[in-house]
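To keep things clear, I will list the structure first and then write my remarks on it.
Number of protein chains: 2
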Amino acid sequence: MKFDAINFKDKFTKFSEPWSPRVIAEMNDYQFKLVKVEGEFVWHQHPATDETFIVIEGTLNIEFREGTVTLNSGEMFVIPKGVEHKPVAINECKIMIVEPKGVVNTGDSDSELTAKDDVWV
Amino acid sequence: MKFDAINFKDKFTKFSEPWSPRVIAEMNDYQFKLVKVEGEFVWHQHPATDETFIVIEGTLNIEFREGTVTLNSGEMFVIPKGVEHKPVAINECKIMIVEPKGVVNTGDSDSELTAKDDVWV
Chain F
979 MKFDAINFKD KFTKFSEPWS PRVIAEMNDY QFKLVKVEGE FVWHQHPATD ETFIVIEGTL
1039 NIEFREGTVT LNSGEMFVIP KGVEHKPVAI NECKIMIVEP KGVVNTGDSD SELTAKDDVW
1099 V
Chain C
979 MKFDAINFKD KFTKFSEPWS PRVIAEMNDY QFKLVKVEGE FVWHQHPATD ETFIVIEGTL
1039 NIEFREGTVT LNSGEMFVIP KGVEHKPVAI NECKIMIVEP KGVVNTGDSD SELTAKDDVW
1099 V
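In structure tokens:
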């Protein structure tokens, strides 16, 4: 067992591609993933699971068909399973996602933004 | 569905008791809990699940039988299931715990620090 803290800022220095989640930790069958986001993502939903967004730095808007949530640093939101959403960040925003292992970033949508799963940093 | 961000700082203003977790969100059968910690907790372990600690403000030491992890703001650590640990904070520290719903804070240890489960803030 390694007794090393996982430092978000340090991990964010190790990659730059936007919309490309990097796994930093596992808890049971869940993963913690850091993502740099900027611009508009695609509308999608995850039919089998809730999904948690935590903003580490910057501002993220999560658009829904019936409203928008704005998250700043130190704020979080849980998107219920099956609910369509589209993340949008006007400027670069650093976030952490918590969700079951194996969840694809674009959910049910085929997209050029679909990222490789289970890439660690 | 409510489109409100969950703000950690705001939630922390709503309770003061140390070692007394407050649930702020659920994701599937997992919960996100805020805790104010200060002083020494009890040695314990959770036989059925990993447990995630994220430090929001302050410094937390997590002692293990064979080492110690020190976490500052913006750092996290996942304690594997079945591993004995004792959280210690010299000064008040604000943390978030992520773990399955129903996990008792003192795990397998009977203690006066055992907190009521599933208290929301």
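Just so you know, the protein sequences line up as chains F and C, in that order.
One gets this note's numbering by counting positions in the first sequence from 1 and adding 978 to each.
One gets this note's numbering by counting positions in the second sequence from 1 and adding 978 to each.
Just so it is clear, CB atoms sit at the ideal spot from N, CA and C, and this is done for glycine as well.
If residue i sits next to residue j, beta carbons under 8 Å apart, how far is it from one beta carbon to the other, in whole angstroms?
i      : j       : result
A983/F : V1047/C : 6 Å
Counting C-beta neighbours from all protein chains within 10 Å, is the total for residue i 16 or more, i.e. buried, or is it exposed?
i       : result
N1050/F : exposed
F981/F  : exposed
N1083/F : buried
V1097/F : exposed
K1014/C : buried
G1085/F : buried
I1057/C : buried
P1025/F : exposed
State yes or no: is the C-beta of residue i within less than 7 Å of the C-beta of residue j?
i       : j       : result
E1016/C : V1066/C : no
F1010/C : F1031/C : no
P996/C  : T1027/C : no
M1074/F : I1034/F : yes
F986/C  : G1052/F : yes
Pick from the options: whose alpha carbon is nearest that of residue i?
i       : options                            : result
Q1023/C : K1059/C, P1078/C, S1089/C          : K1059/C
K992/F  : L1012/F, G1036/F, D1095/F          : L1012/F
N1006/F : G1080/F, T1092/F, T1037/F, C1071/F : G1080/F
V1099/F : V1001/F, N985/F, A1093/F, M979/F   : V1001/F
S994/C  : D1086/C, C1071/C, V1076/C, D1095/C : C1071/C
S1004/C : T1092/C, V1076/C, E1090/C, D1095/C : The question names Ser, but residue 1004/C is Glu in the sequence shown. Looking at the Cα atoms, V1076/C is the closest of the given residues.
E1090/C : E1044/C, S998/C, I1068/C           : S998/C
E1044/C : K1064/C, L1038/C, G1036/C, T1037/C : K1064/C
L1038/C : S1087/C, I1068/C, V1020/C, A1093/C : I1068/C
S1087/C : V1020/C, D1095/C, E1029/C          : V1020/C
M979/F  : T1092/C, D1095/C, F1042/C, K1094/C : F1042/C
Uninterrupted beta strand (DSSP E) stretches inside the segment 984 to 1064 of chain F (no shorter than 3 residues)
1000 to 1005, 1008 to 1018, 1029 to 1035, 1037 to 1042, 1045 to 1050, 1053 to 1057
Quick check for students: name the residue ranges of the beta strand (DSSP E) that lie wholly in the segment 1060 to 1093 of chain C, counting only runs of 3 or more.
Correct list: 1063 to 1078.
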